[in-house]
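**Student:** All letters in the sequence shown, in the order written, are residues 3 to 940 by our numbering.
No residue lacks a Cβ here, since even glycine has one placed at the ideal position from N, Cα and C.
All values reported here derive from a predicted model rather than from experimental measurement.
I am attaching a structure below and will ask some questions about it afterwards.
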Amino acid sequence: MKIWLHSMAHRFTAAVLAVLLIMSLAVPGLTAAGEEIPVSDNGEGRLIRVAFPEIPGISEVDRYGRHTGLLMDYLNEIAKYTNWEYEYIPVDSDQLVDEFLEGRFDLMGGAYYSPEFEQFFAYPDYSMGNSVAILQCRSGDNRFKSYDLRSLNGMTIGAYGMAAEKIRRLEEFLSINGLNCTIKQYSNEEFTASNEMYDYLENGDVDLLLGNSAENDSRYRVVATFDAQPYYLVTVPGSTEILDGLNMALGNIMESEPDFARQHMTSRSLNVQLQNPRLEDQELAYIRNKQTLRVAAFECYPFYMAPADGPAEGLLVDLSQRLSDYTGLDFQLIPAASYEEAICMVQGGTADVLGFYPDSDEDAYASGLVTTRAYIRLNSGIFKNKSANFPDSGLVAAALKGRHVPADVECREVRYYTTVPEALKAVDRGEADFFYGIMAPANQELQRHRYANVTQVSLWDMSAEIKFALDRPADIRLLTTLNKAIRNLSSEDMDSMLSRSLVSRAYAMTTVDMIYANPMAFVAVVGVILILVMAMVLLTARARMRSAIMQAELEKAEARSTAKSDFLSKMSHEIRTPMNAIVGMTELVSMESGLSPETRDKLEKIRSSSRYLLSLINDILDMSRIESGNLSINEEPFSLREILEEVESIISGQAQQKGLVLECVREIDCDWLTGDPIRLRQVLLNLLGNSVKFTPPGGLLQLSVQACGLEGQDSVYDFSVRDTGVGISPEDQERIFRPFEQLGGNELRSLGTGLGLPISRNLVQSMGGELVLESDTGKGAVFSFRLRFKPAGEAPAHKNREILSATGSLKGMRILVTEDNDLNAEIAQELLELQGAVTERAKDGSEALELFQRNPPGRYQMILMDIRMPVMDGLAATRAIRALKRPDAAVIPIVAMTANSFKEDEEAAMSAGMNGFIPKPVNVQQLFEVLEELLATS
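See below:
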């Protein structure tokens, strides 16, 4: 059974009510007369059960779970007089009347009055207001003008025959307005079979339909409205106490607030607006021709804001989109530097419309403008200097250029400014006594920045209608189009757009703003700073004295470190120079034929001693780099398999000589890796060399390399060196990693410097691993570490690395040897000439530069260049050669062959323009490998 008695719920409720109520006479369970109202649990008032169907604007639950709507407005106001409390009982509108008659509720809202209904409902003396009846036509029917009721004359109006009260009120409306219309009534069967009479309107059987406000369909246009039946809050007949409470409360409400119903219906958007007539043919033609409407927009909150890091926003942006949807015009917002410039853009024709105009129509006319109807109202305000008394006719006013100060705002003079901040600053400085303007942008500026002398006049407030403005004389088609588009907007639409635009935006506070916002905190901070300054002054003297002492100590330490580095560098150079002669002469003698086995054995012992001496020098230099923090690890592609083969080749001879067995276990899944092959080889040779020294004959050595899969993109390998030697006791296992520490008797102590293990541990740590020792006395030792390497991709093409030995392999090559030491020069020249090269010697860099300049291009195919030489060193000579303006100066290979063997020496050589680097003593194989590679590519 369905009887929802409010006009917003059903189009024909009043007419159907009588039939449904008659049908409900047989419904049992009607609440007995005089039934006592239950008291609330807390005893503070009567608990009233209220039917609460979900009806938009009337009774609904918002997203926060609160009961709202017109029904709630009345109930809350009534409770102020009756001290009632309410229990809101949800109910489907289809079951509302049935359950009311069954006694489930004490109050029901929105019932129409009819004498025959009094046996079912107890009506109070005062209503909740009137429902609104409407007359609708087809949206495209241009015969009807809502502003001219005479257009209704002679028309046929369709009405539901059972809505007798509504038809009676329609007849009164027609009579009052002197209209002669035919009312065609439809039966219940016809009503149901014709889509609630809309089919009759569509097929022309009637010109208009009588309905109520809930039937405001966009396919149909409202032509006229008038008050229909009043509706009431009703209770059960016999509930005298509730009915008396209703009469008392509603009487007091009507007495104190006669327009209570109208105000709350408006706030709940329950008043029906006449829909705007559709755009006429001439307006549509104007739109098709115009297409784009240029709107001048001055950046001013909340109308138009154009941030540098995002799209424009504000009321005008949203409004333009809504108006564009209605008209079909593309609203293009054109930024203006100021309000005055925006007006000039309209007057000059670069814009069609001014986006917002807050002054009166008279002011607009005086400025050569025509305004549309208002689309919003905003408050204007006065922001005065604190020393000024407002109002006073002797004051100086500040306003935006282009604005008009109303006559009721008394002032002696008006000074105009380009922006709101400029005007407020003028008031703050006292140039003007007050600023007149729209409150929203002024308040936002006051929130964002500190104006110490500006305050708002709280008792002075007036609203301004905000409109579009066009240049005069205006194009009537554009003016009417805009007016209709604005008229089509509901107040809810405008309120929603304005609410979005008035969102308070975050901004970055300046230091001055923060000081003014937190004065006490600022004073506290300043006080703390002063105390700290005083403390610092007292401590500065002591700190300076300590600093001076520390600086002196630091300078001494740096001087010692520099002296040590210089000493090691010079020592390395001075030792390597004669060693180069020893190694070189040994190589030259070894190349001679006819040598006896005894002689070759002696030469090999010289080589071995030279290598040992060179390893001692390298260990001392490495330890120095480690202590100074200058040890560096290179990243270059290398073959792990080749490194292991080289290590095995070197150690196998030593192991065989001592009667040891060497095993190499390799499980490699990725051979070409990126890392420092030289340092990896050095660590493995150090560890295996120690094992050879401390393992007695017949013992076992094992080098194991195991692939451990991937960690991310890196290949992981475990390295271990195992021996069956004398072992290391637990108490000595940390000591052996200290520089110059050695274990064992005098015989074993003589086999090294005690730097191998400290260097190896630091190298492993620099490569990202940790060297671990597992050992005990008499049980041998295991040194292990884990390293990660990045894959280096595919292996490069294999090169033949065999030493050049065939006589004449350098035949035809002329090589300039630059060397200040006669013996080293002789060795280098003889080694090269054995390969068929022609050599020339320069004793220093200056002589090498002179020879190169004096001879024609192409005479020399390569230059071997010592670095540390008198007159001009090798680096300066290389830079000078590269700077020469001749074709071979930039391309001739220049190779450093020097006793300066540090990494930084190699980097300096490459930076000067050299192509290769060979440290002394010269490794003949390395020398010829470098020569081969450079000559092949030059």
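Taking only runs of the alpha helix (DSSP H) that begin and end inside the stretch 235 to 289, which ones reach a length of at least 4 residues, in chain order?
**Tutor:** Taking only runs of at least 4 residues, the alpha helix (DSSP H) segments lying wholly in the stretch 235 to 289 are 242 to 258, 262 to 269.
**Student:** Looking only at C-alpha atoms, which of Pro923, Ser177, Val319, Ala251 sits nearest to alanine 81?
**Tutor:** If we check each option's Cα against that of alanine 81, Ala251 comes out closest.
**Student:** Compare the Cα-Cα distances from proline 741 to each of Cys183, Thr726, Arg763, Ser722 and report the closest residue.
**Tutor:** Comparing Cα-Cα distances from proline 741 to each of Cys183, Thr726, Arg763, Ser722, the minimum goes to Arg763.
**Student:** Please name the residue, chosen from Gln659, Glu79, Gly729, Phe640, that lies closest to aspartate 778 on a Cα-to-Cα basis.
**Tutor:** The shortest Cα separation from aspartate 778 among Gln659, Glu79, Gly729, Phe640 belongs to Gly729.
**Student:** For valine 528 and proline 521, what's the separation of their Cα atoms in angstroms?
**Tutor:** Looking at the two C-alpha atoms, the distance is approximately 10 Å.
**Student:** Using a 10 Å radius around the Cβ and a threshold of 16 neighbouring Cβ atoms, would you call valine 873 buried or exposed?
**Tutor:** Counting Cβ neighbours within 10 Å, valine 873 comes out exposed, since fewer than 16 surround it.
**Student:** Excluding sequence positions up to five away, which residues of its chain have a Cβ less than 7 Å from the Cβ of phenylalanine 739?
**Tutor:** Taken in chain order, the residues that qualify are Leu759, Pro760, Arg763.
**Student:** Along the chain, where does the beta strand (DSSP E) that runs through asparagine 132 open and close?
**Tutor:** Asparagine 132 -> beta strand (DSSP E) spans 132 to 140.
**Student:** What did DSSP end up calling arginine 223 once you bin it into helix, strand or coil?
**Tutor:** Here arginine 223 sits in strand by DSSP.
**Student:** Where in the stretch 696 to 774 do unbroken runs of the beta strand (DSSP E), each at least 3 residues long, occur, reported from the N-terminal end onward?
**Tutor:** Taking only runs of at least 3 residues, the beta strand (DSSP E) segments lying wholly in the stretch 696 to 774 are 702 to 713, 716 to 725.
**Student:** Report, in whole angstroms, the separation of the C-beta atoms of glutamate 648 and cysteine 666, which I expect to be a contact under 8 Å.
**Tutor:** The Cβ separation is near 12 Å, so there is no contact.
**Student:** In this structure, does DSSP put phenylalanine 305 in helix, strand or coil?
**Tutor:** Phenylalanine 305: coil per DSSP, three-state reduction.
**Student:** Does DSSP put leucine 504 in a helix, in a strand, or in coil?
**Tutor:** Here leucine 504 sits in coil by DSSP.
**Student:** Between lysine 781 and the rest of its own chain, which residues show a CB-CB distance below 7 Å, the 5 nearest in sequence each way excluded?
**Tutor:** Gly729.
**Student:** Exposed or buried, lysine 922, counting other C-beta atoms within 10 Å across all chains shown (16 or more means buried)?
**Tutor:** Buried.
**Student:** Please go through the stretch 58 to 86 and give each complete beta strand (DSSP E) segment of 3 or more residues, from N-terminal end onward.
**Tutor:** DSSP runs (the beta strand (DSSP E)) wholly in the stretch 58 to 86: none.
**Student:** In or out: lysine 168 buried (at least 16 other Cβ within 10 Å) or exposed?
**Tutor:** With 16 or more Cβ atoms within 10 Å of its Cβ, lysine 168 is classed as buried.
**Student:** Is it buried or exposed, proline 449, if we count other Cβ atoms within 10 angstroms and call 16 or more buried?
**Tutor:** Checking the sequence, you will find glutamine at residue 449 rather than proline. Exposed.
**Student:** Note down, one range per segment and in chain order, each beta strand (DSSP E) of at least 3 residues found wholly within the stretch 805 to 839.
**Tutor:** Whole beta strand (DSSP E) segments, 3+ residues: 816 to 820.
**Student:** Do you know how far the Cα of leucine 541 is from the Cα of leucine 532?
**Tutor:** The alpha-carbon atoms of leucine 532 and leucine 541 are separated by roughly 14 Å.
**Student:** Taking DSSP as the reference, what is the three-state secondary structure of proline 313?
**Tutor:** The answer is coil: DSSP assigns proline 313 none of H, G, I, E or B.
**Student:** To the nearest angstrom, how far is the alpha carbon of histidine 800 from that of lysine 792?
**Tutor:** With a pLDDT of only 49 at histidine 800, under 50, the local geometry of the prediction cannot be trusted, and the value read off the model is given with reservation. The straight-line gap from Cα to Cα measures roughly 21 Å.
**Student:** Going by DSSP, name the residue or residues bridged to lysine 469.
**Tutor:** Bridge partners of lysine 469: Tyr359.
**Student:** Compare the beta carbon distance of tyrosine 341 and lysine 403 with 8 Å and say whether it is the shorter of the two.
**Tutor:** The answer is yes: Cβ separation under 8 Å.
**Student:** Kindly indicate the opening and closing residues of the alpha helix (DSSP H) around asparagine 925.
**Tutor:** Segment: none, asparagine 925 is in no alpha helix (DSSP H) and carries neither H nor E.
**Student:** Could you name the residues of the same chain whose beta carbon sits closer than 6 Å to that of leucine 937, not counting the 5 residues immediately before and after it, in chain order?
**Tutor:** Result list for leucine 937: empty, nothing under 6 Å.
**Student:** How is methionine 496 classed by DSSP in three states: helix, strand or coil?
**Tutor:** If DSSP states are grouped into helix, strand and coil, methionine 496 belongs with the helices.
**Student:** By how many angstroms is the C-alpha of serine 731 removed from the C-alpha of leucine 866?
**Tutor:** Roughly 52 Å separates the two Cα atoms.
**Student:** Should valine 134 go down as buried or exposed, given a rule of 16 or more other Cβ atoms within 10 Å for buried?
**Tutor:** Counting Cβ neighbours within 10 Å, valine 134 comes out buried, since at least 16 surround it.
**Student:** Excluding sequence positions up to five away, which residues of its chain have a Cβ less than 6 Å from the Cβ of phenylalanine 721?
**Tutor:** For phenylalanine 721, where only same-chain residues beyond five positions count, the Cβ hits under 6 Å are Val707, Phe787.
**Student:** Just list the alpha helix (DSSP H) runs in the stretch 330 to 401, keeping only unbroken ones of 4 residues or longer that don't cross its boundaries, in chain order.
**Tutor:** With a minimum length of 4 residues, the continuous alpha helix (DSSP H) runs that stay inside the stretch 330 to 401 are 341 to 350, 363 to 368.
**Student:** Return the chain-ordered list of same chain residues with a C-beta closer than 8 Å to the C-beta of glutamate 835, the five sequence neighbours on each side being excluded.
**Tutor:** Taken in chain order, the residues that qualify are Thr841.
**Student:** Measure from the alpha carbon of glutamate 301 to the alpha carbon of each residue in Ala850, Leu597, Ala344, then state which is nearest.
**Tutor:** Nearest option by C-alpha distance: Ala344.
**Student:** Restricting to Cα atoms, I'd like to know which of Glu713, Gly253, Pro92, Pro858 is closest to serine 129.
**Tutor:** Among Glu713, Gly253, Pro92, Pro858, the Cα nearest to that of serine 129 is on Gly253.
**Student:** Out of curiosity, what's the CA-to-CA distance linking arginine 65 and methionine 496?
**Tutor:** One C-alpha to the other measures close to 22 Å.
**Student:** Can you say whether valine 52 is buried or exposed, counting buried as having 16 or more other CB atoms within 10 angstroms of its CB?
**Tutor:** Buried, by the Cβ-count rule.
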